[in-house]
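Residue numbers (numbering that gives the first Met the number 0), protein chains in the order written: chain C, 0 to 407; chain D, 0 to 407; chain G, 0 to 271; chain P, 0 to 271. Quick reminder that beta carbons are idealized off the backbone N, C-alpha and C, glycines included. As the structure is a prediction and not an experimental result, all values here were calculated from the model.
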Amino acid sequence: MRQNGRFGSFGGFYVPEILMPALTELESAWLDARKDPTFKAELKRLLAEYAGRPTPITLCENLSARLGWPMVLKREDLVHGGAHKTNQVLGQALLAKRMGKKRLIAETGAGQHGVATAMMGALFNLKTDIYMGAVDVERQALNVFRMRLMGVRVIPVDSGSATLKDAINEALRDWATNVRDTHYLLGTVAGPHPYPQMVADFQRVIGKEARTQFKKRFGGTPRAVVACVGGGSNAIGLFKDFIPTDAALYGVEPAGEGLRTGKHGATLGKGSPGILHGARSYLLQDEHGQITETHSVSAGLDYPGVGPEHSYLKDMERAEYFAVTDRDALDAFHLLSASEGIVPALESAHAVAGAVKLARKFRREIGGKKTDWRKHMDQAILIGLSGRGDKDMETARHHFPELDGGGK
Amino acid sequence: MRQNGRFGSFGGFYVPEILMPALTELESAWLDARKDPTFKAELKRLLAEYAGRPTPITLCENLSARLGWPMVLKREDLVHGGAHKTNQVLGQALLAKRMGKKRLIAETGAGQHGVATAMMGALFNLKTDIYMGAVDVERQALNVFRMRLMGVRVIPVDSGSATLKDAINEALRDWATNVRDTHYLLGTVAGPHPYPQMVADFQRVIGKEARTQFKKRFGGTPRAVVACVGGGSNAIGLFKDFIPTDAALYGVEPAGEGLRTGKHGATLGKGSPGILHGARSYLLQDEHGQITETHSVSAGLDYPGVGPEHSYLKDMERAEYFAVTDRDALDAFHLLSASEGIVPALESAHAVAGAVKLARKFRREIGGKKTDWRKHMDQAILIGLSGRGDKDMETARHHFPELDGGGK
Amino acid sequence: MSRDRYAETFDRLAERGEGAFVPFTVLGDPNAKTSLEILRAMAAGGADMLELGIPFSDPVADGPTIQAADIRALKAGITPPKAFDIIRKFRKENDDIPIGLLVYANLVHEPGLVKFYEEAAAAGVDSILVADVPLEESAPFRWVGEKTGIGHVSMVTPLTDDARLAETAKLGGPYLYVVSRLGVTGRDTSLSKSAKPLLRRIKKQGGPPTLLGFGISKPEHVCAAIAAGADGAISGSAVVEIMQKHAGDRAKMATSVRRFVAAMKKATKFGK
Amino acid sequence: MSRDRYAETFDRLAERGEGAFVPFTVLGDPNAKTSLEILRAMAAGGADMLELGIPFSDPVADGPTIQAADIRALKAGITPPKAFDIIRKFRKENDDIPIGLLVYANLVHEPGLVKFYEEAAAAGVDSILVADVPLEESAPFRWVGEKTGIGHVSMVTPLTDDARLAETAKLGGPYLYVVSRLGVTGRDTSLSKSAKPLLRRIKKQGGPPTLLGFGISKPEHVCAAIAAGADGAISGSAVVEIMQKHAGDRAKMATSVRRFVAAMKKATKFGK
Ligand SMILES: Cc1ncc(COP(=O)(O)O)c(C=O)c1O
Ligand SMILES: Cc1ncc(COP(=O)(O)O)c(C=O)c1O
């Protein structure tokens with residue numbers, strides 16, 4: 000390994016010995032690629048021509064008026080595939096090609112990362128197998144179909160709780176078996192080095208664009224930058240270029256049914272450092288180190304771990320993490336839909352809900368008056384809208400029976 | 000009226016007398032607005048910052064290799080809302096605001112235009128009512144929910160076949176009643192003047208961008224420009240700026256279960272000129288002038304009329320129209336998904352299917368060899384990918400049982 | 000077709016100091032045979048003129064009641080030729096009453112204007128109102144109407160401004176269809192407030208006699224219409240509703256329509 | 000803890016010209032009581048050393064068979080302290096057999112390395128293999144192992160290159176866990192072809208004795224492993240499968256495990 004893969008005491012490569020050569024090869028390929036102008040140009044071209052970058056920032060006038068505070072979105076919902084995921088799967092798939100790999104594998108929870116990886120399988124003509132908890136295969140039948148439509152195999156994982164965590168376990172096992180010709184296309188900034196740094200590197204484009212766009216459109220930097228945190232990839236991607244600025248960084252975790260109920264996924268808020276899936280980071284675990292089950296209305300945030308860089312940012316106090324409940328997120332989902340005509344992913348709705356709380360707090364600080372939000376553009380809240388809500392319609396329908404009524 | 004609203008013998012304003020003042024007002028407002036730099040700037044800003052324009056063009060390397068002919072997509076699937084519809088609802092809603100209207104109404108079939116209009120209702124803070132055939136309300140429950148989520152009212156229409164055509168009828172009736180404060184936000188380039196011209200004007204951005212992008216990326220113009228035709232808005236939007244070029248223009252209509260079965264929506268291919276919903280244009284009708292029922296697997300193409308400008312382009316032989324079956328479209332839907340990781344709307348899949356047929360034809364012309372498609376970039380086929388397929392997953396699942404299997 | 004039945008009728012009514020009552024029905028609703036009986040019942044009830052719709056698949060100017068009648072008639076297999084048959088039969092029995100057709104443009108466009116108008120004239124039709132043809136599109140219809148001896152009926156609405164009103168009035172025609180309120184056909188509980196000022200504005204322009212339509216369902220409405228200055232009133236949805244109510248019983252249907260027409264006609268005598 | 004049970008055992012085996020047979024089981028599978036009986040059965044069958052897993056919620060290095068055992072044990076409420084209890088009880092009955100632990104890093108990390116290793120040592124554990132700790136992360140584990148008298152077991156795999164092999168061999172430890180093939184734990188039908196060249200490469204480096212693992216399920220595999228140059232063989236999934244097969248019958252389970260171990264042990268005598 001050329002790097003130590005640490006963020007303070009977090010990160011590392013806690014994997015079975017058998018995976019080390021693959022990680023070393025990957026790190027090396029990535030470190031070379033990121034300096035290679037051809038690779039960079041090709042990735043940039045794909046991000047633009049295939050994925051539709053840059054994505055805009057959108058000033059939400061209605062939401063701002065309603066909250067009395069300027070709210071701006073970074074629109075990753077407009078990326079091909081419907082979420083920020085595409086940014087980094089493009090990078091990894093290009094890297095896999097470069098390394099001469101013949102096959103991609105990936106884990107998926109609700110299916111979003113699986114769909115993103117399936118897109119890459121199609122685009123790069125690579126045999127692709129997606130591990131997905133059997134329970135999730137049942138729950139997310141449409142995404143399973145979507146993946147198969149793109150020609151990939153979806154392998155249901157029956158072991159454990161048969162959800163995301165188990166799909167990762169299974170993908171790691173597959174990788175250990177087929178490590179020579181297979182690239183494990185991990186879905187977030189978690190996992191062993193180099194994944195956390197590499198995925199962050201590919202996602203960094205979010206914040207890079209946003210910072211420039213904000214400056215150009217409104218001058219200066221936002222006061223607060225807010226993103227939801229599952230594994231943490233969209234958050235890191237958005238935060239990265241704001242770390243050297245004055246902007247306060249906020250990560251929003253899923254409080255599920257409430258932090259006290261135990262049914263949540265607030266890894267940074269309620270967890271403690273531990274080792275899972277290759278890295279030392281905050282974890283939700285019991286007193287013996289067994290990983291506990293999590294809950295969130297948003298499948299993409301329903302994960303007991305978190306990327307090690309977030310653990311570092313938390314301990315360094317450069318970013319602040321707090322959690323919002325399922326109900327808060329659903330309300331924010333409705334709020335953004337009704338006030339701007341933008342339906343966020345339930346994951347992203349957590350960021351919106353967090354931003355709403357911050358807006359209220361900021362307003363209270365200046366005396367609670369609602370007027371003249373335009374005067375505070377220099378104090379705007381920039382929200383990472385990591386994805387769109389199309390995938391969440393069935394879930395939302397279930398939670399808003401009063402809005403339902405057509406059909407079924 | 001300041002213009003005669005004709006395209007040769009097509010178009011016009013065949014509406015009840017009571018709607019004439021509204022059409023006159025609309026025409027006037029639109030003609031003024033399109034010359035007003037403030038309006039233009041505001042629309043441009045919204046297209047960029049809210050809707051995410053420009054959308055890229057994407058060279059499909061796998062598809063091109065498979066067909067032996069260069070295939071390029073214009074990516075309207077990446078527009079906020081998931082289809083080209085957003086381009087023009089933004090324009091109309093801005094115009095409605097300008098006219099001081101307090102309310103929007105619209106018709107919708109599968110719900111796409113309804114959702115697009117609902118977005119506008121939210122964004123512009125306008126009370127919005129969407130007419131939707133009761134049968135469609137049942138069939139498209141998710142889109143109904145989505146509209147309600149954005150705060151609009153969905154009004155089921157029980158009359159007639161209780162589908163799109165009847166929703167238009169009902170919207171026209173509502174407009175006749177509430178014409179003073181209500182803008183009828185029609186969903187395509189059909190309807191009475193000024194709709195066909197106005198909607199085309201707002202959609203023209205598609206072809207304008209595509210022409211410039213193609214020239215910059217590949218040099219010259221494509222040999223063929225292909226779009227699906229329901230009402231015809233995405234097609235006109237794409238064609239418009241290519242009309243003065245050498246590019247051949249192809250509109251692809253839905254042949255449904257086959258042109259001979261009578262179960263299709265090939266208005267230009269199988270219809271005859273007639274008058275419906277405000278304009279003279281090709282129509283599917285019986286020998287007495289009664290409008291006949293249509294069929295297409297793609298709800299957005301399931302309409303017995305077509306925008307009058309297409310009738311004109313057909314009769315002038317500037318554009319050529321042909322139809323592809325449900326099966327062709329479904330195969331193209333699968334093909335694009337599996338070869339590029341881009342899942343098209345079923346409407347857009349018709350354009351892809353049409354383009355596949357053209358590619359085969361072009362290749363036959365040069366002797367049928369598959370190699371070296373890159374040498375023919377100057378003969379590329381540019382496909383209008385009008386929207387993304389998320390909305391069509393349930394339908395597709397039904398048609399590809401062999402790919403299904405997860406859940407339910 | 001050189002008789003001008005409208006002029007004759009309006010003259011006679013004027014002599015008597017009465018307004019015109021004009022019931023509307025959809026030809027072939029619920030079937031050809033019954034429909035003919037309904038025409039007879041209307042005449043028997045004292046209708047001064049008849050307004051008859053040819054059923055259309057997409058009647059955008061009509062409300063749900065009349066659309067339902069269209070659908071019934073279409074289901075019964077009524078085509079424009081069959082609709083003309085009904086008129087022809089009725090015309091043989093009654094050569095005096097003016098008959099107006101209410102159609103949608105595509106029904107006229109498909110066979111071709113000339114053919115359609117000629118057939119209408121041959122069947123005994125006196126005027127045609129094309130629901131989705133406004134002033135701007137009316138030229139060819141007026142022209143063919145003139146050639147075939149069929150009067151072109153224009154509509155005016157509360158939204159028609161004075162300039163347009165003047166232009167419309169100048170075109171003449173057997174009568175002006177005055178739309179009493181915004182919206183589509185259908186019942187109302189009271190006569191629209193916009194009717195009176197509109198009629199006053201029309202009177203100022205001169206032009207053909209006026210028949211007030213949309214929402215006329217009670218004798219009071221007829222009274223009020225005529226008091227407000229209309230030369231008569233057209234009642235459509237109310238007639239169709241009565242027919243619908245007695246859907247099961249043809250004899251009762253005809254009797255009820257006759258009685259309704261009689262009651263409405265009576266009201267035309269007290270308006271002026 | 001100053002006895003070096005591994006060295007003693009390897010010495011004795013060397014004297015006898017035998018290889019080591021090392022059965023694996025998950026502590027607490029299917030419950031604490033039965034698990035203890037399984038340990039006894041293994042010893043009774045002639046196991047030279049034991050390799051014992053502490054059940055973990057996310058055993059990424061293990062295949063479905065062992066994961067199922069983990070789940071059974073966790074369901075039975077087995078925690079690391081309870082797992083140590085089982086060892087402690089067994090150790091009281093048998094002070095000679097080397098006991099190795101197979102754990103995942105988080106089980107060690109959560110209580111803290113020192114505490115975990117001290118408790119393991121107190122229970123009678125001789126070595127620890129942390130399945131998800133490769134060479135690069137091993138320093139603190141080795142350090143604490145040294146302080147607490149617990150041997151650190153490293154893994155080598157067919158993908159380990161010579162430089163890394165040399166580095167690993169240099170670290171010593173009671174034995175090297177030689178992974179016979181790519182993948183995770185689980186049964187195989189034949190011994191992997193990669194085992195032989197790998198063992199040859201290891202031998203060149205010197206270093207601790209080698210135990211071959213992954214896919215050892217038949218006496219032939221043991222034979223072949225030893226013939227190929229391994230100092231012994233570890234069999235996990237096969238043991239767990241036998242236990243699973245007799246899930247309903249504790250006595251039968253223990254007997255079958257004992258017989259299996261005996262058969263496998265026998266094969267160690269013919270390899271060299
Ligand atoms: C839209 C969206 N946002 C956020 C996430 C959470 O992932 P991360 O925290 O890595 O950004 C997901 C995961 O599925 C997602 O789909
Ligand atoms: C994606 C998409 N493409 C095309 C159409 C057809 O409309 P038009 O022919 O007006 O482009 C629709 C209508 O719903 C649509 O949703």
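Just verifying my parser: in three-state terms, what is the DSSP assignment at residue i?
| i | result |
| --- | --- |
| residue 408 of chain C | Look at the range of chain C in this structure, 0 to 407, and you will see that residue 408 of chain C is not part of it. |
| residue 162 of chain D | coil |
| residue 282 of chain C | strand |
| residue 263 of chain G | helix |
| residue 167 of chain G | helix |
Between residue i and chain C, is any beta-carbon pair separated by less than 9 Å?
| i | result |
| --- | --- |
| residue 160 of chain P | yes |
| residue 210 of chain P | no |
| residue 168 of chain D | no |
| residue 373 of chain D | no |
| residue 208 of chain D | no |
| residue 274 of chain P | Given that chain P is displayed from residue 0 to residue 271, the structure contains no residue 274 of chain P and the question cannot be resolved. |
With 9 Å as the threshold, decide whether the Cβ of residue i is near any Cβ in chain G.
| i | result |
| --- | --- |
| residue 6 of chain D | no |
| residue 165 of chain D | yes |
| residue 257 of chain D | no |
| residue 272 of chain D | yes |
Assuming residue i and residue j make a contact with CB atoms under 8 Å, what is their CB distance in whole Å?
| i | j | result |
| --- | --- | --- |
| residue 133 of chain G | residue 4 of chain G | Residue 133 of chain G to residue 4 of chain G, Cβ: 26 Å. No contact. |
| residue 148 of chain P | residue 120 of chain P | 6 Å |
| residue 225 of chain D | residue 305 of chain D | So it is not a contact: roughly 16 Å between Cβ atoms. |
| residue 382 of chain D | residue 354 of chain D | 5 Å |
| residue 133 of chain C | residue 156 of chain C | 6 Å |
Chain P beta carbons: is any one of them nearer than 9 Å to that of residue i?
| i | result |
| --- | --- |
| residue 11 of chain C | yes |
| residue 25 of chain C | no |
Kindly indicate if chain D contains any beta-carbon less than 9 Å away from that of residue i.
| i | result |
| --- | --- |
| residue 224 of chain G | no |
| residue 233 of chain C | no |
| residue 148 of chain C | yes |
| residue 183 of chain G | yes |
| residue 54 of chain C | yes |
| residue 97 of chain G | no |
| residue 124 of chain C | yes |
Is the beta carbon of residue i sitting closer than 9 Å to the one on residue j?
| i | j | result |
| --- | --- | --- |
| residue 172 of chain P | residue 152 of chain P | yes |
| residue 246 of chain C | residue 109 of chain C | no |
| residue 91 of chain G | residue 27 of chain G | no |
| residue 86 of chain P | residue 128 of chain P | no |
| residue 182 of chain D | residue 109 of chain G | no |
| residue 77 of chain D | residue 113 of chain D | no |
| residue 79 of chain G | residue 259 of chain G | no |
With a threshold of 8 Å, are at least 3 pairs of Cβ atoms found where one atom belongs to the region 61 to 77 of chain G and the other to the region 3 to 18 of chain G?
The region 3 to 18 of chain G and the region 61 to 77 of chain G do not touch, with fewer than three beta-carbon pairs separated by less than 8 Å.
Evaluate the contact criterion for the region 212 to 223 of chain C versus the region 171 to 190 of chain C: three or more CB pairs, one atom per stretch, below 8 Å.
Pairwise C-beta distances place the region 212 to 223 of chain C out of contact with the region 171 to 190 of chain C, as fewer than three of them are shorter than 8 Å.
Three or more C-beta pairs closer than 8 Å, one from the region 120 to 129 of chain C and one from the region 324 to 343 of chain D: is that the case here?
The region 120 to 129 of chain C and the region 324 to 343 of chain D touch, with no fewer than 3 CB-CB distances between them shorter than 8 Å.
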